[in-house]
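First residue of the sequence shown? That's 1 in the numbering used here, and the numbers climb one at a time after it.
The next block holds one structure in the form of structure tokens; read it before the comments.
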Amino acid sequence: MFLIDFIRFSETVKEKVLVFSQYIDTLELIRDQLSAVFGWTEGEEILYMHGQLQQKFRQRLINNFN
1 MFLIDFIRFS ETVKEKVLVF SQYIDTLELI RDQLSAVFGW TEGEEILYMH
51 GQLQQKFRQR LINNFN
């Protein structure tokens with residue numbers, strides 16, 4: 001899978017990756033794959049943001065990413 005390979009490469013050069021999707025189902029699939037492949041958890045390595053998220057939580061995720 002391209003995204004998994006891209007993330008592996010990004011880790012080696014200490015870069016962060018931001019993934020956008022128009023569809024929540026797609027983001028959930030990506031989140032689940034990252035958890036399965038890398039053992040990552042939401043709120044730690046995976047910062048999952050969608051349009052229904054309250055502004056205060058959205059800003060917290062943005063701050064954590066930066």
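Where a beta carbon is used, it is the ideal one built from N, C-alpha and C, also for glycine.
- Our two residues, asparagine 64 and arginine 31, have alpha carbons roughly 17 Å apart in a direct line.
- Bridge partners of glutamate 42 according to DSSP: Ile46.
- Per DSSP, lysine 16 is not a residue of any alpha helix (DSSP H), being assigned neither H nor E.
- In this structure, the CA atom of aspartate 5 is about 14 Å from the CA atom of valine 19.
- A direct Cα-Cα distance of roughly 19 Å separates threonine 12 from alanine 36.
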